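Reviewing the structure listed below.
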Amino acid sequence: MLGFDPTPEQEALREMAHKFAVNEIRPRAAEWDRDGAFPMELFRKAFDLGLMTGFIPEAYGGQGLSSLDTCFLEEELAWGCSGVTTSMTANGLALGPILLAGTEEQKRSFVAPFATEFRFTSFCLTEPGAGSDAGGIATTARRDGDGYVLNGRKCFITNGAHASQYTVFASTDRSRGHKGLSAFVVPRETPGVSSGKKEDKMGQRASETSDVLFEDARVPGMNRLGAEGEGFKIAMRTLDYARASVAAMAVGVARAA
5 MLGFDPTPEQ
15 EALREMAHKF
25 AVNEIRPRAA
35 EWDRDGAFPM
45 ELFRKAFDLG
55 LMTGFIPEAY
65 GGQGLSSLDT
75 CFLEEELAWG
85 CSGVTTSMTA
95 NGLALGPILL
105 AGTEEQKRSF
115 VAPFATEFRF
125 TSFCLTEPGA
135 GSDAGGIATT
145 ARRDGDGYVL
155 NGRKCFITNG
165 AHASQYTVFA
175 STDRSRGHKG
185 LSAFVVPRET
195 PGVSSGKKED
205 KMGQRASETS
215 DVLFEDARVP
225 GMNRLGAEGE
235 GFKIAMRTLD
245 YARASVAAMA
255 VGVARAA
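Count along the sequence shown from 1, then add 4; that gives the number in the numbering used here.
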């Protein structure tokens, strides 16, 4: 018989997250949501406690928590504020493709720094004309020597204005639809990368959402994850892991209602 009772270790994780929500999130959640604030100091405290790095494998400096462990944390944090939790957990979504499809060198270059440095990274899939229909993605990645030149606009990007690194899905062959998508890691300091308008949302306003623009942004070939044309598969595998987190956060929101 399957059992879903938490282990003592999971109970300790849940208690830590609940205490953080009670003491640090709930007292100001309504204020942050009303004002559309991005509570940077809160996020820094969460990072220092390990609440933003648990999903990172131990080999790269994290705690190596399982998906279930992470769900216990996210449920309690979302009980405090789902907007805050969305921004706190977005690094997991953006680093997921690298952990799933990256080489050892890519993981050490693009994942490990987030275990030791307080930084944000963003998952860039959605566009004005393409969300669930990933085959409609208009952002392109054109081969140029030993690298790629990216052009396009991503929208509704969590932490887009604050990220130091982006995981970007772009078409390397528009004629193949979703089979022509590829995945890339793009550092924020890359010339041609910028963030656009901040969305004025109806909810989760403590999580900042914005456009991210790529204008002749050139990245080296080593920044491609997997082979050309594997981007859709990488994105879907990543989102499969994320769905459990969304469900856990929904439970936390329901408990807080």
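Positions of the beta carbon are idealized from the N, C-alpha and C atoms, including for glycine. For clarity, every value in this text was computed on a predicted model and none was experimentally measured.
Just measuring C-alpha positions, the residue of Ser136, Ser168, Arg259 and Ile102 sitting nearest asparagine 227 is Ile102. Taking C-alpha positions only, phenylalanine 114 is separated from lysine 23 by approximately 31 Å.
Inter-residue distance for alanine 98 and threonine 90 is about 12 Å (C-alpha atoms, whole angstroms). Out of Ala239, Leu81 and Leu53, the CA that lies nearest to the CA of phenylalanine 127 is found in Ala239. Between the stretch 143–159 and the stretch 211–229, the count of Cβ pairs shorter than 8 Å is three or higher; the stretches touch. For phenylalanine 124, the secondary structure class from DSSP, reduced to helix, strand or coil, is strand. The C-alpha of alanine 94 lies about 14 Å from the C-alpha of leucine 77. Annotation for asparagine 155: the continuous beta strand (DSSP E) segment containing it runs 151–162. Along the stretch 170–216, the beta strand (DSSP E) occurs as fully enclosed runs of 3 or more residues at 185–191 and 197–202, listed in sequence order.
DSSP, read as helix, strand or coil, puts alanine 221 in strand. Secondary structure of leucine 229 (DSSP, three-state): strand. Taken atom to atom, the span from the alpha-carbon of glycine 256 to that of glycine 84 is near 8 Å.
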